[in-house]
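Trainee: The numbering of the sequence shown is full-length UniProt numbering, which starts it at 1 and goes up by one. Note that beta-carbon positions come from the ideal geometry of N, C-alpha and C, so glycine has one too. Bear in mind the structure is a predicted one, so any value in this text is a computation, not a measurement.
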Amino acid sequence: MDHSRGGRFVPSGEFASLARRGLMPEDASIAAGAPRFADYPFKLGVASGDPHPNGFVIWTRLAPDPLAEDGLGGMPDKAVPVQWEVAEDEHFHKVVKRGTSSALAELAHSVHVEVHGLKPGSYYWYRFKAGREISRTGRTKTAPAPHADIKGMSFALASCQAWYHGYFTAYRHMAEDHPDVVFFLGDYIYEYAINAKNLFRDVTLSAAHNAKTVTLSQYRLRYSLFKTDPDLQAIHALAPWVVTMDDHEVENNYAGIHSQYNTFPDDFLRQRAAAYQAFYENIPIRSTSIPKGPDMLMYRRFRYGNLAEFNVLDTRQYRNNFPANEAERLEPSRSILGFDQERWLFHGLSRSDTIWNFLVQQVVLAQIDRDTGPGVEYSTDQWDGFPACRDRLFSAYKAYGIQNPVVLTGDIHRHAAADLKADFDDAGSATIGTELITTSISSDADGSETDSLAPIWLGNPHVKLYNAQRGYVRCRLTPRQLEADFQVLPYITRPGAPASTYAKFAVEAGRPGLQRMF
Numbered sequence: 001m002d003h004s005r006g007g008r009f010v011p012s013g014e015f016a017s018l019a020r021r022g023l024m025p026e027d028a029s030i031a032a033g034a035p036r037f038a039d040y041p042f043k044l045g046v047a048s049g050d051p052h053p054n055g056f057v058i059w060t061r062l063a064p065d066p067l068a069e070d071g072l073g074g075m076p077d078k079a080v081p082v083q084w085e086v087a088e089d090e091h092f093h094k095v096v097k098r099g100t101s102s103a104l105a106e107l108a109h110s111v112h113v114e115v116h117g118l119k120p121g122s123y124y125w126y127r128f129k130a131g132r133e134i135s136r137t138g139r140t141k142t143a144p145a146p147h148a149d150i151k152g153m154s155f156a157l158a159s160c161q162a163w164y165h166g167y168f169t170a171y172r173h174m175a176e177d178h179p180d181v182v183f184f185l186g187d188y189i190y191e192y193a194i195n196a197k198n199l200f201r202d203v204t205l206s207a208a209h210n211a212k213t214v215t216l217s218q219y220r221l222r223y224s225l226f227k228t229d230p231d232l233q234a235i236h237a238l239a240p241w242v243v244t245m246d247d248h249e250v251e252n253n254y255a256g257i258h259s260q261y262n263t264f265p266d267d268f269l270r271q272r273a274a275a276y277q278a279f280y281e282n283i284p285i286r287s288t289s290i291p292k293g294p295d296m297l298m299y300r301r302f303r304y305g306n307l308a309e310f311n312v313l314d315t316r317q318y319r320n321n322f323p324a325n326e327a328e329r330l331e332p333s334r335s336i337l338g339f340d341q342e343r344w345l346f347h348g349l350s351r352s353d354t355i356w357n358f359l360v361q362q363v364v365l366a367q368i369d370r371d372t373g374p375g376v377e378y379s380t381d382q383w384d385g386f387p388a389c390r391d392r393l394f395s396a397y398k399a400y401g402i403q404n405p406v407v408l409t410g411d412i413h414r415h416a417a418a419d420l421k422a423d424f425d426d427a428g429s430a431t432i433g434t435e436l437i438t439t440s441i442s443s444d445a446d447g448s449e450t451d452s453l454a455p456i457w458l459g460n461p462h463v464k465l466y467n468a469q470r471g472y473v474r475c476r477l478t479p480r481q482l483e484a485d486f487q488v489l490p491y492i493t494r495p496g497a498p499a500s501t502y503a504k505f506a507v508e509a510g511r512p513g514l515q516r517m518f
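(1) Measure the beta-carbon distance from V312 to R303 and round it to whole angstroms, keeping in mind my assumption that it falls under 8 angstroms.
(2) Apply the 10 Å Cβ neighbour rule to residue 548 and answer buried if 16 or more other Cβ atoms are within range, or exposed otherwise.
(3) Reducing DSSP to helix, strand and coil, say where A63 ends up.
(4) Can you give me the C-alpha to C-alpha distance between V406 and Q361, rounded to a whole angstrom?
(5) Using the rule of at least 16 other Cβ atoms within 10 Å of the residue's Cβ for burial, across every protein chain shown, is A278 buried or exposed?
(6) Should W59 and P284 be called a contact, given that it needs their Cβ atoms to be closer than 8 angstroms?
(7) Report the option in A388, D267 and Q469 whose CA atom is closest to the CA atom of T493.
(8) Going by the beta-carbon positions, is the gap between G117 and K94 smaller than 8 angstroms?
(9) So for M24, helix, strand or coil by DSSP?
(10) Could you work out which residue in N253, D39, P53 and E106 is closest to G74 when comparing CA atoms only?
(11) Out of V463, T501, P455 and P479, state which residue places its alpha-carbon closest to the alpha-carbon of Y472.
(12) Who does K292 pair with in a DSSP beta bridge?
(13) DSSP three-state call for K421: helix, strand or coil?
(14) According to the neighbour-count rule (16 or more other Cβ atoms, all chains shown, within 10 Å of its Cβ), is S287 buried or exposed?
(15) Rounding to the nearest angstrom, what Cα-Cα distance links L337 and P374 in this structure?
(16) Name the DSSP bridge partner or partners of D485?
(17) Would you grab the beta carbon distance between A396 and L349 for me? Rounded to a whole angstrom, and I think it's under 8 angstroms.
(18) Helix, strand or coil for M517, going by three-state DSSP, please let me know.
(19) Going by CA-CA distance only, name the one from F56, P294, R222 and T354 that's closest to G256.
(20) Do three or more CB pairs link the stretch 220-228 to the stretch 40-49 at distances below 8 angstroms?
(21) Rounded to whole angstroms, what's the CA-CA distance from N211 to L62? Just pull it up for me.
(22) Which runs of the alpha helix (DSSP H) spanning at least 4 residues fall entirely within the stretch 357-398, listed in chain order?
(23) For M153, which beta-bridge partners are listed by DSSP?
(24) When the Cα atoms are used, what is the spatial distance from D246 to F310?
(25) Report the option in S259, L67, V86 and E69 whose CA atom is closest to the CA atom of G55.
(26) Relative to the alpha-carbon of Y261, which residue among M298, E191, H209 and Y223 has its alpha-carbon at the smallest distance?
(27) Quick check: W241 and F184, are their CB atoms within less than 8 angstroms of each other?
(28) Excluding sequence positions up to five away, which residues of its chain have a Cβ less than 8 angstroms from the Cβ of N66?
(29) Is the stretch 204-218 touching the stretch 143-163, taking contact as three or more C-beta pairs under 8 angstroms?
(30) With 16 as the cutoff for other CB atoms within 10 Å, does E251 come out buried or exposed?
(31) Excluding five sequence neighbours on each side, which residues of the same chain lie with their C-beta closer than 8 angstroms to the C-beta of I355?
(32) In angstroms with no decimal places, state the Cα-to-Cα distance between G433 and E114.
(33) What does the Cβ neighbour count give for G496, buried or exposed, with the cut at 16 atoms within 10 Å?
(34) How would you write the range of the beta strand (DSSP E) that D267 sits in, first residue to last?
(35) Kindly indicate the opening and closing residues of the alpha helix (DSSP H) around T228.
(36) Cβ atoms of T438 and L157: under 8 angstroms apart, would you say?
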């Protein structure tokens, strides 16, 4: 399936016409003045994302020198034509869509093709060609028809991939699971300087990486570095991704327009604009998310037949700043989503008719009291910093009779699972939903089965799981049940770790609450 070198476009359709005239696509490209590259230009791989019933986005980025320190991947300052094909088979005997897109220097020579007119619930294969060079082949899948009677689907959850803290071995195991879709819940890159203090891979990097990312060229270089990982490239090429960002794609713990490092607001907005542009350039996301300066529309909705609806949230861009005191934390007007996104979410919930309803988001929604004594203490970076917003969400669940709400979360570099309670301060109150929290792919290095935070988390009676190893969550969803396997790896600071299931939970449709299977 890997056509990364030496592959060729199967001569069918317009390409067959060229072949009959003795002018193969490679020769046609040269005749059209297509570029020659100093090295193979598809070193960052291919990816697909944002699947809908009639299509998806396919992505690549030309970078013959991915670690060029200017962040431009060794490309010239000019547009480059890139051909693409989508087929119903991996050998491209039945090509159903093809075209040519421009890889623009202004977008770091990235290519985002929004493919339409395809069959719902179907696998497709795709590839790109620039000059004489052909990318590897990617596989993807459309979402089912909106009201199709879906008997089941599989998906995986991933978050927090600090490249410098270790290898992305978890993705190799995720690829073996063949998920229908991967939900990435934030922290695709990290902005910190990379040096001997935090670099656990056996590699040597230039001094350009030993700096906090602030400028567009620095963010571009950071994405290039992370995306050179072969396991990340493999899972991108195997399944469509739905990606949202958290804080480290910009800066640790930022809140709306507020930096937590005393950066002046105007300077921080310029930094945020650079970060959002680099995110768009490197992620298979639709043109509706093209940034406008420091603003980027990332919340969106995906439906999988009558089975499930996935509301993808943005809990960073519109949130209020950290509260100065408890009274401010409790203010009714505080929001982690912002007014417009709240309205969008609640309107969507009011119209939902699927069996399962998911929030795909970044930070822990369940209340977590961090004081193991008689007092209370909350992290104001999470939904606990916005309890009125959480109350509004739970009220919307109740008002609209939302069936089987489930929240998918990342951020904390820990596996956790919790029941969502009507009143978190009353352990006997009704359970209204479930939160599944995936650990990191690599952030915080090897980790351990337990750590000093375990008593804090497990001291909250609605928390049913806590584990501090690296890994991911794989899920199987049917009309009757959601099963979640919490996959862990014993180490990631060296390659080749095995994966195992640390815990398995089930949630039955119509019966809120986690049931541990082992």
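Mentor: According to the structure shown:
(1) Position 312 of the sequence shown, counting from 1, holds the residue named residue 312. Position 303 of the sequence shown, counting from 1, holds the residue named residue 303. Not really, about 12 angstroms apart at Cβ, beyond 8 angstroms.
(2) Given a span of 1 to 518 for the chain in the structure shown, any question on residue 548 remains unanswerable.
(3) Numbered from 1 along the sequence shown, position 63 holds the residue referred to as residue 63. Three-state result, A63: coil.
(4) Looking up residue 406 in the sequence shown gives position 406. Looking up residue 361 in the sequence shown gives position 361. Their Cα atoms are separated by approximately 11 angstroms.
(5) Here residue 278 refers to the residue found at position 278 when the sequence shown is read from its first residue. Per the 10 Å Cβ criterion, buried.
(6) Along the sequence shown, read from residue 1 onward, the residue named residue 59 stands at position 59. Along the sequence shown, read from residue 1 onward, the residue named residue 284 stands at position 284. Taking 8 angstroms as the Cβ cut-off, W59 and P284 qualify as a contacting pair.
(7) To locate residue 493, count along the sequence shown from 1; it is residue 493. Nearest option by C-alpha distance: Q469.
(8) Looking up residue 117 in the sequence shown gives position 117. Looking up residue 94 in the sequence shown gives position 94. Result no, Cβ atoms of G117 and K94 do not sit closer than 8 angstroms.
(9) Position 24 of the sequence shown, counted from the first residue, corresponds to residue 24. With a pLDDT of only 30 at M24, under the threshold of 50, the placement of this residue in the model should not be trusted; the figure read from the coordinates follows. If DSSP states are grouped into helix, strand and coil, M24 belongs with coil.
(10) Reading the sequence shown from its first residue, position 74 is the one you call residue 74. Nearest C-alpha to G74: D39.
(11) As a first step, residue 472 must be located in the sequence shown, where it is residue number 472. The option with the nearest alpha carbon to Y472 is T501.
(12) In the sequence shown, residue 292 corresponds to position 292, counting from 1. Bridge partners of K292: D295.
(13) Translated into the one-based positions of the sequence shown, residue 421 becomes position 421. The answer is strand: DSSP assigns K421 an E or B state.
(14) Along the sequence shown, one-based indexing puts residue 287 at 287. With fewer than 16 Cβ atoms within 10 Å of its Cβ, S287 is classed as exposed.
(15) Here residue 337 refers to the residue found at position 337 when the sequence shown is read from its first residue. Here residue 374 refers to the residue found at position 374 when the sequence shown is read from its first residue. Rounded to whole angstroms, L337 to P374 spans 31 angstroms at the Cα level.
(16) Walking along the sequence shown from the start, residue 485 turns up at place 485. Its beta-bridge partners are R474 and K504.
(17) Position 396 of the sequence shown, counted from the start, is the residue given in the question as residue 396. Position 349 of the sequence shown, counted from the start, is the residue given in the question as residue 349. Taking a contact as a CB-CB distance under 8 angstroms, the pair A396 and L349 counts as one, their CB atoms being some 5 angstroms apart.
(18) The count along the sequence shown starts at 1 and reaches residue 517 at position 517. M517: coil per DSSP, three-state reduction.
(19) As a first step, residue 256 must be located in the sequence shown, where it is residue number 256. With distances taken between Cα atoms, G256 lies closest to P294.
(20) The answer is yes - the stretch 40-49 touches the stretch 220-228, with three or more Cβ pairs under 8 angstroms.
(21) For the purposes of this step, residue 211 is taken as residue 211 along the sequence shown, with counting starting at 1. For the purposes of this step, residue 62 is taken as residue 62 along the sequence shown, with counting starting at 1. Note that residue 211 corresponds to Ala in the displayed sequence, not to Asn. Rounded to the nearest angstrom, the two C-alpha atoms are 24 angstroms apart.
(22) none
(23) As a working note, residue 153 is residue 153 in the sequence shown. Beta-bridge pairing links M153 to L477.
(24) Numbered from its first residue, the sequence shown carries residue 246 at position 246. Numbered from its first residue, the sequence shown carries residue 310 at position 310. Computed Cα separation, rounded: 17 angstroms.
(25) Taking the sequence shown and counting its residues from 1, the one referred to as residue 55 is at position 55. Minimum Cα distance to G55 is reached at V86.
(26) Indexing the sequence shown from 1 puts residue 261 at position 261. It is E191 whose Cα lies nearest to the Cα of Y261.
(27) Here residue 241 refers to the residue found at position 241 when the sequence shown is read from its first residue. Here residue 184 refers to the residue found at position 184 when the sequence shown is read from its first residue. Going by C-beta atoms, W241 is nearer than 8 angstroms to F184.
(28) Translated into the one-based positions of the sequence shown, residue 66 becomes position 66. The displayed chain sequence assigns Pro, not Asn, to residue 66. In its chain, beyond the 5 residues on either side, K43, L44, G73, G74, S224, L225, K227 and T228 have a beta carbon closer than 8 angstroms to the beta carbon of P66.
(29) At 8 angstroms Cβ cutoff, the stretches do not touch.
(30) As a working mapping, residue 251 is identified with position 251 in the sequence shown. Burial check for E251: the Cβ neighbour count within 10 Å reaches 16 or more, so the residue is buried.
(31) Indexing the sequence shown from 1 puts residue 355 at position 355. The answer, listed in chain order, is N306, L307, A308, Q403, N404, P479 and A509.
(32) To locate residue 433, count along the sequence shown from 1; it is residue 433. To locate residue 114, count along the sequence shown from 1; it is residue 114. Straight-line Cα distance between these residues: approximately 35 angstroms.
(33) What you label residue 496 is simply residue 496 of the sequence shown in a count that begins at 1. Counting Cβ neighbours within 10 Å, G496 comes out exposed, since fewer than 16 surround it.
(34) As a working mapping, residue 267 is identified with position 267 in the sequence shown. Taken as a continuous stretch (DSSP letters only), D267 belongs to no beta strand (DSSP E), being part of the alpha helix (DSSP H) at P265 to N282.
(35) In the sequence shown, the residue the question calls residue 228 occupies position 228. Taken as a continuous stretch (DSSP letters only), T228 belongs to no alpha helix (DSSP H), as it is neither H nor E.
(36) Taking the sequence shown and counting its residues from 1, one reaches residue 157 at position 157. Taking the sequence shown and counting its residues from 1, one reaches residue 438 at position 438. Yes, they are a contact pair.
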